[in-house]
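Undergrad:
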């Protein structure tokens, strides 16, 4: 009697799809990787003031930007303005006086964003001398 | 005389056998370099600004102020008076340290200005007011 020979499947792990899986994972990681970035308005602060380091500035060379307690009213030299007016106002005054110093003086209770909004406008206007009035 | 036909043994094919290896190599690179960083931070809404510039994160000490009573430096809860000694220690490690101020947009300016005064006291004068980029 003839022997029946069983055909056994080859004992191999199929690896033909491995490259596809690798590509799939690669695309996933490329797509989902986010590089954490941080943006900020940079400012070099003055060293703590002493009688030697502090200097007097002519009042005509100072542009004071202040705000009310709620931060809804912004004043440039005591004149109420919109935030969008700060940039052209600074440019106009700076064109006539290149020694101009801008002093940002928000009300102590005004929200922090008021200072950032004003500083943002001044940075966009490329103001070279900005002073922040702090508590002391 | 019989003509000798020259056959070139080179086929016009782009070798693709190493593609899977390259894919694996890139995959391993992304797997190794991807960091799922969970920031345990305070709940802060940053003020928006257009003029914000990219800040190198590795040179920044982060001060977070969520409210007058809740602030941290690099994930350690602190009070205002702790700022100068911590910054002085960080400055001695890296004199080019930038202090990133992550302050909630509605925190009173008085608190923010006090933090700035503390930075001055530590002679950490390179400040960056972290903002949310508006038109990027």
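Chains as they are written, first to last, in UniProt numbering: chain A, 1 to 136; chain B, 1 to 136. The beta-carbon is built from N, C-alpha and C at its ideal position, and this holds for glycine as well.
1. Taking a cut of 8 angstroms between CB atoms, which residues from the segment 97 to 111 of chain A lie near chain B?
2. Please classify residue 126 of chain A: does DSSP put it in a helix, a strand, or coil?
3. On a CA-only basis, which of A:126, A:72, A:66, A:46 is nearest residue 94 of chain A? Give me that one, please.
4. Return no unless some Cβ of chain A is closer than 8 angstroms to the Cβ of residue 126 of chain B.
5. So with Cβ pairs under 8 angstroms, would you call residue 107 of chain B a contact of chain A?
6. What does the Cβ neighbour count give for residue 79 of chain B, buried or exposed, with the cut at 16 atoms within 10 Å?
7. Could you give the DSSP three-state label for residue 88 of chain B: helix, strand or coil?
8. Under three-state DSSP, which class holds residue 33 of chain A?
9. Closest to residue 105 of chain B by CA distance: which of B:51, B:63, B:19, B:45 is it?
10. For residue 87 of chain A, I'd like the list of residues in its chain whose CB is within less than 7 angstroms of its CB, leaving aside the five on either flank, ordered along the chain.
11. List the DSSP bridge partners of residue 132 of chain B.
12. Can you tell which of B:31, B:116, B:107, B:100 has the C-alpha that lies nearest to the C-alpha of residue 61 of chain B?
13. Under 9 angstroms between beta-carbons, which chain B residues line up against residue 48 of chain A? List them in chain order, please.
14. For residue 114 of chain B, is the classification buried or exposed, using 16 other Cβ atoms within 10 angstroms of its Cβ as the cut-off for buried?
15. Hey, which unbroken runs of the alpha helix (DSSP H) at 4 residues or more fall wholly within the segment 71 to 96 of chain A?
16. Is it the case that the segment 28 to 36 of chain A contacts the segment 110 to 125 of chain B, given that we only count it when at least three CB pairs across the two stretches are under 8 angstroms?
17. For residue 136 of chain B, count neighbouring C-beta atoms within 10 Å of its own C-beta (all shown protein chains included) and say buried if the count is 16 or more, exposed if not.
18. Tell me, please, whether the CB atom of residue 113 of chain B is closer than 8 angstroms to any CB atom in chain A?
19. Are the CB atoms of residue 17 of chain A and residue 189 of chain B within a distance shorter than 8 angstroms?
20. By Cβ distance below 7 angstroms, which residues in the same chain neighbour residue 72 of chain B in space, the five residues on each side in sequence not counted?
21. Buried or exposed for residue 105 of chain A, going by 16 or more other Cβ atoms inside 10 Å?
22. Measure the alpha-carbon distance for residue 47 of chain A versus residue 115 of chain A and round it to whole angstroms.
23. Under three-state DSSP, which class holds residue 73 of chain B?
24. Please compile the residues from chain B whose C-beta is within a distance smaller than 9 angstroms of the C-beta of residue 30 of chain A.
25. How many whole angstroms separate the CB atoms of residue 101 of chain A and residue 135 of chain A, which I take to be in contact at a CB cut-off of 8 angstroms?
TA: A quick look at the data gives this:
1. 106, 107, 108, 109, 110, 111
2. coil
3. A:126
4. yes
5. yes
6. exposed
7. helix
8. coil
9. B:45
10. 121, 124, 125
11. B:48
12. B:100
13. 117, 120, 121, 123
14. buried
15. 83 to 96
16. no
17. The predicted model places residue 136 of chain B with a pLDDT of 45, which falls under 50 and marks its position as unreliable, so this point remains unresolved.
18. yes
19. The requested residue 189 of chain B is not part of the displayed model; chain B covers only 1 to 136.
20. 42, 64, 78
21. buried
22. 20 angstroms
23. strand
24. 26, 30
25. Not a contact, Cβ separation roughly 20 angstroms.
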